[in-house]
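Student:
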Amino acid sequence: MKSSNLILIFASAILLLSACKTENNEQDNLTNLDGKKQIFEPNWESIKKNYKDPEWFNDQKFGIFIHWGAYAVPAFGSEWYPRQMYMDTATFTAQLNLQTKGPNPTFIHHKETYGDQKEFGYKDFIPMFKAEKFDPVAWIDLFKKSGARYVIPVADHHDGFAMYDAKTTRWNSVNMGPKRDVLGELFKEGRAQGLIMGASSHYAFNWSFYNKKDKFDTVDPEYADLYSPKGKDLNQPVSEEFKKIWWDRTVDLIDNYQPDILWFDFYLDIPDYAEQRPAIAAYYYNKGIEWGKEVVINDKNFDHEAFPEGTVIYDLERGKLPGIRKLPWQTDTSIGKNSWCHVTNWKSKTADQLIDDLVDIVSKNGNLLLNVGPKADGTIPEDQEKILLQIGDWLSVNGVAIYGTDYWRTFGEGPTEVEKGHHSEGNNKDFTGQDIRFTQKEDKLYAIMMAWPESGQVNIKSLGKDNDYAADLTIKDMRLLGSDTKVRFDQTKDGLVVDNLGPKTGDFAHVLEISIAPIP
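Read left to right, the sequence shown gives residues 1319 to 1838 (our numbering).
#1: Suppose the cutoff is 6 Å on Cβ atoms and the five residues either side in sequence are ignored; what does the same chain contact list for Trp-1712 look like?
#2: For the segment 1673-1739, list the alpha helix (DSSP H) runs that are entirely contained and at least 4 residues long, ordered along the chain.
#3: Do three or more CB pairs link the segment 1376-1395 to the segment 1671-1691 at distances below 8 Å?
#4: How many Å lie between Trp-1489 and Leu-1544 at the Cα?
#5: Is it buried or exposed, Arg-1467, if we count other Cβ atoms within 10 angstroms and call 16 or more buried?
#6: What's the gap between the Cα of Arg-1509 and the Cα of Leu-1501?
#7: Rounded to the nearest angstrom, how far is the Cβ of Glu-1397 from that of Tyr-1404, given a contact under 8 Å?
#8: Which same chain residues end up closer than 6 Å to Val-1736 when comparing Cβ atoms and leaving out the 5 residues on each side of it in sequence?
#9: Run through DSSP, which three-state label would Asn-1342 get?
#10: Suppose the cutoff is 6 Å on Cβ atoms and the five residues either side in sequence are ignored; what does the same chain contact list for Lys-1822 look like?
#11: Mind pulling the beta strand (DSSP E) runs of 3 or more residues that sit fully within the segment 1436-1516?
#12: Between the C-alpha atoms of Trp-1362 and Glu-1703, what's the straight-line distance to the nearest angstrom?
#13: Name the two residues that bound the continuous alpha helix (DSSP H) containing Gly-1606.
#14: Comparing C-alpha positions only, which one of Gly-1495, Val-1805, Ser-1364, Ser-1546 sits nearest to Val-1776?
#15: DSSP three-state label for Leu-1348, please.
#16: Work out the CA separation of Ile-1607 and Thr-1792 for me, nearest whole Å.
#17: For Ile-1470, tell me which candidate among Leu-1513, His-1428, Pro-1626, Asp-1434 has the shortest Cα-Cα distance.
#18: Taking the Cβ atom as the reference point for each residue, do Asp-1753 and Gly-1732 lie within a distance shorter than 8 Å?
#19: State yes or no: is the C-beta of Met-1796 within less than 8 Å of the C-beta of Val-1677?
#20: Taking the straight line between their C-alpha atoms, what separation do you get for Phe-1523 and Thr-1803?
#21: Are the C-beta of Asp-1483 and some C-beta of chain B separated by less than 8 Å?
#22: Please return the same chain residues whose Cβ sits closer than 8 Å to the Cβ of Ser-1666, not counting the five positions on each side in sequence.
#23: Between the beta-carbon of Glu-1623 and the beta-carbon of Asp-1587, is there less than 8 Å?
#24: Quick check on His-1828: does DSSP put it in helix, strand or coil?
#25: May I ask you to verify whether the segment 1422-1442 touches the segment 1532-1542, counting CB pairs closer than 8 Å and requiring at least 3?
Here it is as C-alpha cells:
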C-alpha cells in the first residue's frame, strides 16, 4: 500500500474520532447530572433557539381560569381583599395615586365586620375557608359541558396561600383550610376526562402584596412565611432570600403536578427577577422534554421585555388585540365584570358578550381563558354555571368554526373597533350585525356574524370578487350552522350577498360555513 494512501486512511480515522468526540460532547451538553436531556440552557439565546410555540395550544381556543382561595371567605371587593384590608387612608391614597384623600371601603369593612387588623388578620380567614361542598368531578363536568379544552386553577395567588400540597410552605390547602389537595384533585379529574391541565403562579408579587405597619399583624415575624419577609420599606428590593423561596415554590409546583401550562402573573417582569425568568423557563421546558410533552408558559408581559418574543405565549388581561397576531396569544378575562373571585356584589357579563369575545379573539389567532369565581364553600354560583352552559351549547353547534381553526387573510370586517391593551375591555362597544369575523379550516371558510341581520340578508364585503382577499377564491357552497334552511348567495364585485337565512337560530353569534376552492 502506498504511503499516501496510509496517510489518507490515518487522517480519515482522526476525523472520524474527532467527529465522534464532538458528537459525544454535544450530547453531554444536553444532559444534566441525572443523565436527563437538557436542551434549554438558562439564557434567552438558548431558549429562543430551541423553543417553538406548541401547535396544540393554539388549537384548543377556549380554557377555564379559576380564582379560588381564602379571599372568597370575606367575599368583598375582589381577590385583592388581603391587600386592601391593610391599606389605611394614607396608604390607600399614596399607592393608588388618588388626587383626594378618602377612606378605603375594604379597610373599613374589615374593621367593622371582623375587628382590628392587628387582632384579626388575613391568616384568620384560612380556618374559615372550609370548601365543604367542593366537588372536583362536578366542576370538571361543568367545564367540559362549557366546551373548554383546558383548565388553569390558581395554584399560588399573591396572598401566599398555596391551593395544593406544597412542600415548601405550611400555608397550603392540605395543612389548613379545606385540608384537601385542591389542585391535585382537579388535575386528576380533569386529566381523567381528557382536559389539558395548567396552573397559575401569582406568587412573585407576594413580596410586596401586604402592607407592613406596626398596627397590623403583617409585621409579626411568626407569619412572615405568609405575609413575606419584606420589611416596612415600600421600596425595598426583592431579597435573595425571597427569590429562593419563589424558585423553590415554583419548582415544587412544576415537579409534583407536571402542568401542561404554567401561567405567570405580573411582578415577575420587574428587574429584580431578571435572572429567575430564563432560569425557570429553561427548567420547565426541559421538564416537558423529560415528561415527553410540549409545555407552555403564559405570561402577561406583552412588551417583550421580561420574556422575549418567541419564548412564551403572551397573555392580555381583560383586553384584546385590534388585529391578527401571527404568533399565538391569549386573553384572560372573568365572567365577573368587577372581580375574579366570588364577591357578594358580583356582576356577570352575558353569554352573548363572552361568545363574541371568543369569536373575535380566535379570528385574530388567540385563545380565550375565561375565569370563574367559586364561593368559599366550593360551589360555583348559578349565574356563572348558566353562562358556561350557554357557551357550551353554542360551541356544540358552532365549535367547528372555533376549535383547530386558523386565522384567515383578514380577521373580519364591520364598524366596531377593538382597543388594544391590558384592562381595555371596558372601552369596547358591543358588536353589531355588520360585524363579521373569519376563521378557516382546510377547504372551509367560516364567516361569523356577531349578531343576527334583521333584514335576513348580509353582504360580506371581504368576499367580493374585486376584493384582494377573495380574488382567487371560488365559493362552491354554503350553509348556516344549526339550520336546515338552504341559503342563497351571490358573489358580486362588491361583496358576497347572502339571503334566505331562514328563521333566527340561537341567541348568539351565527356561523356561515363556506366551502371554497382553492384551499387558501
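Virtual Cβ for every residue (Gly too), placed ideally from N, Cα, C. Bear in mind the structure is a predicted one, so any value in this text is a computation, not a measurement.
Tutor: Result, derived from the coordinates:
#1: Ile-1673, Phe-1826
#2: 1700-1716
#3: yes
#4: 7 Å
#5: buried
#6: 12 Å
#7: 15 Å between Cβ atoms; not a contact.
#8: Lys-1638, Pro-1640, Asn-1746
#9: Confidence is the limiting factor: at Asn-1342 the pLDDT is only 39, short of 50, which leaves the residue's position unreliable, though a coordinate-based value still follows. Asn-1342 falls in the helix class under three-state DSSP.
#10: Trp-1770
#11: 1468-1474
#12: 42 Å
#13: 1594-1609
#14: Val-1805
#15: Legend: pLDDT at Leu-1348 = 43, less than 50; position of this residue unreliable, no value from coordinates given.
#16: 44 Å
#17: Leu-1513
#18: yes
#19: no
#20: 55 Å
#21: Absent from the structure: chain B. Only one protein chain is present.
#22: Ile-1653, Gly-1654, Lys-1655, Asp-1701, Gln-1702, Ile-1705
#23: yes
#24: strand
#25: yes
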